[in-house]
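Adding 4 to a residue's 1-based position in the sequence shown gives its number in the UniProt record's numbering. All C-beta atoms, glycine included, are put in the ideal place defined by N, C-alpha and C. Quantities reported herein were computed from a predicted structural model and do not represent experimental measurements. The structure under discussion appears below in the form of structure tokens.
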Amino acid sequence: AVSRKYSIATMGADGIGPEVVDASVEVLKKLVQVDGGFELDFENFDWSSETYKKTGKYIPDGGLEQLKKHDAILFGAVGAPDVPDHISLWGLRLAICQPFQQYANVRPTKIFRGTSSPLRKAEHGDLDWVIVRENSEGEYAGQGGRSHRGHPWETATEVAIFSRVGVERIIRFAFETAQKRPRKFLTVVTKSNAQRNGMVLWDEVASEVAKDFPDVKWDKMLVDAMTCRMVLDPKSLDTIVATNLHADILSDLAAALAGSIGIAPTSNLDPTRQNPSMFEPIHGSAFDITGKGVANPVGTFWTAAEMLIWLGEEDAARKMMEAVENVTERGISTKDLGGNANTKEVTDAVIQELEKVY
Ligand code: NAI
Ligand code: MG
């Protein structure tokens, strides 16, 4: 009898989101079948920009309580051409992340077997990073306002807030993440030369927290210089921690350096486990390819594997990633990775491969 059972809320939301989430659910169902050690229950939530346009709300009344009953959330992407991006992002994604205190956003990147990096000198194994992004405050806390609208002297402020509690918990989480990886190496990214308040607090807290992790080596970088290091010396990096804004930008760069934004996952974690964590591909709703059946599902497959690791099913997650990489290695990939397969062909190939890796 199966004893380990998890309930998963799925929410494809907008654009290619439902396409890649549906593909991942198919793969997960196959994984459960071949593994036999655990079960997944799926409940689909159809909240999206369509819901917003019909009802004026992304999340219905009582929605978060419903969501909270689940062990994890598998999310697609939110954003529609006819809804301003700040409305969609704050209406759905941040409206889940913030009340659920998913303060750690974790973004691994690597070069898959059979794929190539746009960096001439980087090959599989040369770029293997985990970016830890502060996910609750900083530049995206929503502090600020607009005055004198429409006048030439109109003024807007976007205030970055950094609390000692917020900075300490994310830096501690990053040290723990680095400690679990073979190289045990953390790079703390700030901009403490120019941003002399919040970023200096980050530097101070990093030095304090580092004392609790004597086995983790660490160094500091300014964010601008960090972009150069990522491009010129990818092998010199392993685990990276940065603020909400800085890590948002660095992680898109990381995904592109690894070959495509279509392969990278994101976990929005509540490390206290009081609330469900949310897992999503790094990419957005990609209007330009929506409905064509050509979206790369690999980013969401990796996302689903990260979700399984968080739930404690590491072996199954490893098998799933082995199947995915075997498929990319055989050259079965979507256009963004240089292949000519569509979403369904990649998904079917991974499903077939799962039989072989078990
Ligand atoms: P995007 O990630 O949707 O697309 C950027 C480019 O990458 C496009 O050319 C797209 O076709 C391509 N791309 C993205 N995912 C792909 C995949 N799986 N396979 C193949 N190609 C892929 O970013 P963009 O265009 O800046 O944003 C579109 C919408 O998505 C906006 O409304 C934005 O706000 C939203 N968005 C939502 C996110 C989320 O829900 N977490 C994250 C990023 C953007
Ligand atoms: Mg982003």
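In whole angstroms, what separates the C-alpha of residue i from that of residue j?
i	j	result
LEU78	GLN199	35 Å
THR231	ASP256	11 Å
TYR56	TYR62	5 Å
PRO186	PHE116	18 Å
ASP219	LYS188	7 Å
VAL136	PRO64	31 Å
LYS224	GLY66	43 Å
ASP86	ILE100	22 Å
THR159	VAL204	27 Å
GLY19	THR304	14 Å
ILE267	LYS58	32 Å
LYS73	MET15	15 Å
ALA126	PRO238	8 Å
ALA320	ALA76	16 Å
VAL25	GLY60	24 Å
GLY316	GLY154	53 Å
THR332	GLU23	19 Å
THR119	ASN330	11 Å
ARG277	ALA108	12 Å
HIS90	LEU249	15 Å
GLY295	GLY21	10 Å
GLU275	GLY342	The identity of residue 275 in the sequence shown is Pro, whereas the question assumes Glu. Taking the straight line from one Cα to the other gives about 37 Å.
LEU68	GLN102	11 Å
ASN344	GLU143	39 Å
ALA260	ASP50	30 Å
ALA84	ASN300	19 Å
SER337	HIS128	16 Å
MET324	ASN201	44 Å
ILE293	VAL350	16 Å
LEU121	GLU180	First, the residue type needs correcting, since residue 121 is Ser and not Leu in the sequence shown. Rounded to the nearest angstrom, the two C-alpha atoms are 28 Å apart.
VAL169	SER211	15 Å
So does residue i have its beta carbon nearer than 7 Å to some heavy atom of the ligand NAI?
i	result
GLU268	The sequence shown places Ala at residue 268, rather than the Glu named in the question. ALA268 Cβ: outside cutoff for every heavy atom of the ligand NAI.
ASN272	no
ALA27	no
ASN300	yes
GLY288	yes
GLY303	yes
LEU93	yes
ILE293	yes
GLU284	yes
ALA81	yes
ALA24	Contrary to the premise, residue 24 reads as Val rather than Ala in this sequence. Yes; taking the cut-off as 7 Å, the Cβ of VAL24 has a heavy atom of the ligand NAI nearer than that.
ASP340	yes
ILE100	no
ILE20	yes
ILE63	no
ASP89	yes
ARG97	yes
ILE336	no
ILE313	no
ILE253	no
ILE135	no
ILE244	no
ILE77	no
ILE355	no
Once the 5 residues before and after residue i are set aside, which same chain residues still bring their CB inside 8 Å of it?
i	result
TRP206	PHE166, VAL171, ILE175, VAL192, THR194, SER196, THR247
ILE355	GLU30, VAL31, LYS34
GLU318	LEU312
GLU43	VAL6, ARG8, LYS9, TYR10, VAL36
TRP314	ALA76, SER271, LEU273, SER281, PHE283
ILE286	ARG111, SER255, ASP256, ALA259, ILE265, ALA268, PRO269, THR270, GLY303
LYS348	ALA27, GLY297
Pop quiz: residue i and residue j are said to be a contact at Cβ under 8 Å. What is the actual Cβ separation, rounded to whole angstroms?
i	j	result
SER264	ASP340	4 Å
THR243	ALA178	6 Å
GLN147	VAL163	4 Å
ALA81	GLY288	5 Å
VAL134	PRO156	With 8 Å as the limit, VAL134 and PRO156 do not qualify as a contact, their Cβ atoms being about 46 Å apart.
GLN105	SER140	7 Å
LEU123	VAL235	7 Å
Within its chain, find whatever has a CB closer than 6 Å to the CB of residue i; leave out the 5 residues flanking it on each side and keep chain order.
i	result
ASN346	GLY297, VAL298
TRP306	PRO269
ASP45	SER11
ARG150	ALA160
GLY40	none
VAL227	VAL193, LYS195, HIS250
LYS221	PHE189
Excluding sequence positions up to five away, which residues of its chain have a Cβ less than 7 Å from the Cβ of residue i?
i	result
VAL38	LEU358, GLU359, TYR362
ALA327	VAL354, GLU357, LEU358, VAL361
LYS114	LEU131, ASP132, ALA262
ASP252	ARG137
ASN48	THR14
ARG173	TYR107
Does residue i have its Cβ less than 8 Å from a Cβ in chain C?
i	result
ASN201	Looking at the structure shown, chain C is missing, and only one protein chain is on hand.
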